[in-house]
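Presented below is the structure to which this report refers.
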Amino acid sequence: MSEELAKKREAERIANGPRWESCAVLASQVRTVHFVRHAQATHNKAALEIGRAAYKNPAFHDARLTDVGEEQCAKLKPDVDLIASDVQLVLVSPCSRATETALRCFKSVPASAKWIAIEWLREKCGEHPCDGRRSVSELKNEFSKIDYSFMEDDEDVYGQFVGEKRETDEMIIARAHNFFEWIKERPETNIAVVTHSAFLNVLFSKVVNCSSDLSKWFENCEMRTTHFTITRNDGSSQN
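Residue numbering for the sequence shown follows my numbering, beginning at -4 and increasing consecutively.
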């Protein structure tokens, strides 16, 4: 789904959706998750200048942050610092722009916090080189703070599998379900997640039950703090 279509549907949800939403759950079922979209990267800057054709430029493979992106991280960091002392786990997409964003924004989390890269959090992959990732071997050398042991493949096997097509929303939904199943079994209850716009859009519009405030499009380096109950119902839905 394009950003333009997502924002159109967001406006419709706000106009037509319920005014009030509430639920009650056991505290033991709750996870606090701070979702962050990565800061501006080179492909985002190029798209502002020449349009979406920039996403197909091989020069932006595994796109990195721009100077503006680094400034966005610096601007977000004071907000992160307010919640950082409670963060027990930082999860990142293996795409470099998300990892760079996490390392710049979450510097003040406790030393005991774990930093883990998981494939499920990557951007919608396929035809756009900017959404590919480098090998885990190369990423480890650059981002030594990150634990890549949960990555199954050194090379970008999943991206190669998708090829020049583009992942469907159904494929991202499957990734999101795997992600929830994984964090459900983790001991940490306060988690930071740095990921991408298309993943976040599918997550909050097609996977979880949430208000229109959460399902709207994430801007670069935007953080939203959520409280999740992760339960599997007969309909296999997440709350």
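A virtual CB, placed ideally from N, CA and C, is assigned to each residue, including glycine.
Please report the distance separating the alpha-carbon of residue i from that of residue j.
| i | j | result |
| --- | --- | --- |
| Thr224 | Phe55 | 37 Å |
| Lys40 | Ala34 | 11 Å |
| His172 | Ser144 | 20 Å |
| Trp212 | Ser192 | 7 Å |
| Glu114 | His29 | 18 Å |
| Asn255 | Asp81 | Here the chain covers residues -4 to 234 and nothing more, so residue 255 does not appear. |
| Ala187 | Asp76 | 12 Å |
| Leu209 | Thr27 | 14 Å |
| Gly127 | Leu116 | 12 Å |
| Glu44 | Asp148 | 35 Å |
| Lys135 | Phe194 | 23 Å |
Check each candidate in the options and name the one with the smallest Cα separation from residue i.
| i | options | result |
| --- | --- | --- |
| Met166 | His29, Val197 and Asp151 | Val197 |
| Asp74 | Phe101, Asp57 and Phe156 | Phe101 |
| Gln155 | Val188, Arg129, Thr190 and Glu176 | Arg129 |
| Lys70 | Cys216, Asn136, His191 and Glu114 | Cys216 |
| Ala42 | Arg32, Thr27, Thr61 and Asn136 | Thr61 |
| Met146 | Val131, Phe138 and Leu21 | Val131 |
| Val25 | Ser206, Val202, Arg181 and Lys201 | Arg181 |
| Arg161 | Ile186, Leu86 and Tyr50 | Tyr50 |
| Glu133 | Ser91, Arg219 and Gly158 | Ser91 |
| Ile178 | Asp149, Ala112 and Lys135 | Ala112 |
| Arg219 | Leu21, Gly158, Ala22 and Arg32 | Arg32 |
| Lys140 | Glu159, Ser207 and Lys109 | Lys109 |
| Arg170 | Ala48, Ser206 and Thr190 | Thr190 |
| Asn52 | Ser206, Lys72, Cys68 and Pro124 | Pro124 |
| Glu214 | Gln67, Ser206, Leu21 and Ser23 | Gln67 |
Taking the beta carbon of residue i as the centre, do at least 16 other beta carbons fall within 10 Å, making it buried, or is it exposed?
| i | result |
| --- | --- |
| Glu95 | buried |
| Asp151 | buried |
| Pro89 | buried |
| Arg99 | buried |
| Gly46 | exposed |
| Leu86 | buried |
| Ala79 | buried |
| Gly262 | Absent from the model: residue 262. The displayed extent of the chain is -4 to 234, so no value can be given. |
| Ala48 | exposed |
Under the assumption that residue i contacts residue j (Cβ atoms under 8 Å), give the Cβ distance between them as a whole number of angstroms.
| i | j | result |
| --- | --- | --- |
| Gln83 | Thr184 | 7 Å |
| Ala58 | Ala36 | 4 Å |
| Lys201 | Asp164 | 6 Å |
- Query: How do the segment 98 to 105 and the segment 120 to 131 stand: do at least 3 beta-carbon pairs fall below 8 Å, yes or no?
  - Reply: The segment 98 to 105 vs the segment 120 to 131: no contact.
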